[in-house]
Every structure is written in structure tokens, then in C-alpha cells.
Amino acid sequence: MTEIPRSHPRYASLLARERVAWGVAQGYTSIQGLIAQGRGECFDYLLGERTTAPAEAATKAAAALLLLAERPALSVNGNVAALAAEEMVALAAALNIPLEVNLFHRSEERVKKIADLLRETGAKEVLGEHPDATVPGLEHARALASRGGIYDADVVLIPLEDGDRCEALVAMGKKVIAIDLNPLSRTARKATVSIVDNIMRAVPNMAAQVRQLAALSRADLVRMVREYDNERVLRGAVQEIRDHLERQFREDAGG
Ligand code: PTJ
35 MTEIPRSHPR YASLLARERV AWGVAQGYTS IQGLIAQGRG ECFDYLLGER
85 TTAPAEAATK AAAALLLLAE RPALSVNGNV AALAAEEMVA LAAALNIPLE
135 VNLFHRSEER VKKIADLLRE TGAKEVLGEH PDATVPGLEH ARALASRGGI
185 YDADVVLIPL EDGDRCEALV AMGKKVIAID LNPLSRTARK ATVSIVDNIM
235 RAVPNMAAQV RQLAALSRAD LVRMVREYDN ERVLRGAVQE IRDHLERQFR
285 EDAGG
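Under the numbering used here, the first residue of the sequence shown carries the number 35, and numbering increases by one thereafter.
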């Protein structure tokens, strides 16, 4: 990886770019993953590269959903592996659940590499190498799922996905948590809880929330989930972009 000095004003963004390029070189990330990262970077730039209040609210609701779930599942693709393997392993450990590798551009070699990376990073159990079920309504390889993981789950976290699988999982009756910097994406609009934030900030925040909210009663968690309004959060994310751009223009104009 290119050494990025910490003092660089765009350190976090450049580091993420390096990590995805490294992921491609190591065989974890698909070449298409570079394009997905570019799209994410653009939205992060528009949001001001920070965790906004709507993203915080969504992260809290997601943590409550995961704690209430009987069988939660966490999905990992090639971009997630490059950007947040450690953070996903820590989240799985906090919830005491397995991780499941699920790829759009699936190759058995890449599935194994990602599963090995997660195990080397400390994951206790990794599913996805031997899928034994399919998600109905999906024609591509991403339909492949594991019993005891995504297939049977009541709540699924799907970071950096397109809309198809999100919709298909919702159609199966599951509650879906998306992490997607694009508040207008089909994934964000179809998910039960949409976290419009960079995965590198969102997953550690979620693990911290899981640890904090674990002390709450079930009734309190249920109330938090009931009061959560995903449409309001998505509108809030778009407003955050508008406000950020407005502030930028004002600063540039010296106002
Ligand atoms: O590893 P595979 O084969 O499963 O492929 C993974 C990718 C990401 C290539 C595949 O799922 C894909 O093509 O996804 P899309 O349709 O490009 O959607 C990815 C979404 O994630 C886009 O809306 C991006 O804005 C968003 N995104 C990209 N980078 C980040 C992000 N969201 C949060 N954090 C990021 N770092």
C-alpha cells in the first residue's frame, strides 16, 4: 500500500482507497469493487466525511434490532473484507454470531480467501463456503445462502450491496440493515434500517452501540425500534448533504 501521511487532510479517504486497491491485489475484492468504492467516496465527500445525526440514529436502531434478533446474521463481501474485516469480526464477537461470506461476482477462490482472512483476523465461525440454500427471487450467485446463517436469520446486516438482495431478503420476511453511503440507492430505500455512513465508521460505532445497549431491557429495545422511522432518516441524510454543500459555498464565498 502507498504510505499516506496522517497529516494529509484527506487521510481517511485515501486510506480507504488504498485498502480497496490492496483488496483487489490480494484477491479479496472484485475489480468492480473499485467502482463501488468510487461511488461511495463521492457520497462521503458530499456528506462531509463524518457520521451525521441521522446515521447515528440509524446505527443505534440497528444495534437494538441486532440485540433483539433471535438469529442475526452478518454478510461480508469483497469490499467489506478489504475495508472492515477487523471491525466485522469484533461486531460478530460482540453478538456471539458467525459471519457469512456472500459475493455478487462469486468465485469459490475469492470466497475461500475472504473466509481465511476473517478467520486469521479472529472470527470464530465463518459461513458461506458451502451454501446449502438459496434466497428466492434472485437469479445470480448472491442467492446462495447458508442455513444457520443468512438463510434462517430474522435480522441481516448487508453492507455495500445493490438493491436486489435487499429486496429479496425483505420479501422473505427478514429485517434488513444496510450500510450504504448513497441515501438514494434502492438498497437504502428498501432496507428496514439504512445507515448512510462509511462502513469504516459505521461498523465500529455499531459494535460500541451493541455493547452499550446490551444493558437495556427488551422492552426498551423494542420501544427504540418501534420509534425508528427509516424514511425520516433517509430524508435527513439528503438534508445533511444539502446543508453541507450550502456551508461549503458560504465558506468559499467568504461569508
Ligand atoms: O465482492 P462482491 O463480488 O460481492 O461485490 C461487491 C460490490 C460492492 C462490488 C457489489 O456489491 C456492488 O456492485 O455494489 P454496488 O451496486 O456498487 O453498491 C455498493 C453501494 O455501496 C453503493 O451505493 C456505494 O455508494 C456504497 N458504498 C461504497 N463504498 C462504501 C459504500 N457505503 C459505505 N461505505 C463505503 N466505504
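Ideal Cβ placement from N, Cα and C applies to all residues, glycine included.
- A straight line joining the alpha-carbon of A91 with that of L191 spans about 16 Å.
- Along the length of the segment 155-195, whole beta strand (DSSP E) runs at least 3 residues long occupy 189-193, reported in chain order.
- Distance from V189 to A116 at the Cβ level is roughly 25 Å; contact not present, criterion being Cβ atoms closer than 8 Å.
- Within 6 Å of the C-beta of R84 there is not a single heavy atom belonging to ligand 1.
- Under the DSSP assignment, I211 falls in the beta strand (DSSP E) whose first and last residues are 209-213.
- When DSSP states are grouped into helix, strand and coil, L108 belongs to the strand group.
- Residue nearest to A222 within the set L49, Q66, L268 is L268 (criterion: CA-CA distance).
- DSSP places L100 in the uninterrupted alpha helix (DSSP H) bounded by 87-102.
- When only Cα atoms are considered, I229 and A236 end up about 7 Å apart.
- Relative to ligand 1, even the nearest heavy atom lies 6 Å or more away from the CB of E154.
- In the same chain as A271, and ignoring 5 residues on each side of it, the C-beta atoms closer than 6 Å to its own belong to P88, P217, V230, in chain order.
- DSSP, reduced to helix, strand and coil, places L133 within a strand of the structure shown.
- Taking every protein chain shown into account, the CB of V256 has fewer than 16 other CB atoms within 10 angstroms, so this residue is exposed.
- By the Cβ-count criterion, S41 is exposed, with fewer than 16 other Cβ atoms from all chains shown falling within 10 Å of its own Cβ.
- By a beta-carbon distance limit of 8 Å, E120 contacts T155. Their separation comes to about 6 Å.
- A direct Cα-Cα distance of roughly 22 Å separates L133 from L215.
- A179 has its Cβ no nearer than 6 Å to any heavy atom of ligand 1.
- For I229, the enclosing beta strand (DSSP E) has its first and last residue at 227-229.
- For L194 and F77, the gap between their C-alpha atoms comes out near 13 Å.
- Separation of A187 and M35 (C-alpha to C-alpha, rounded to the nearest whole angstrom) is 37 Å.
- Ranked by how close their Cα comes to the Cα of V110, the residues H139, T85, A167, T86 have H139 in first place.
- Straight-line measurement puts the Cα of D277 at about 11 Å from the Cα of R284.
- In this structure R51 touches Q71 by the C-beta definition: roughly 7 Å separates them, less than 8 Å.
- No heavy atom of ligand 1 is found nearer than 6 Å to the CB of A127.
- Taking C-beta separations shorter than 8 Å and ignoring five residues to either side along the sequence, the partners of G57 in its chain run T63, G67, G112, N113, A115, A116, L117, following chain order.
- Spatial neighbours of I131 in its own chain (CB-CB distance under 6 Å, excluding positions within 5 residues in sequence) are listed in chain order as P106.
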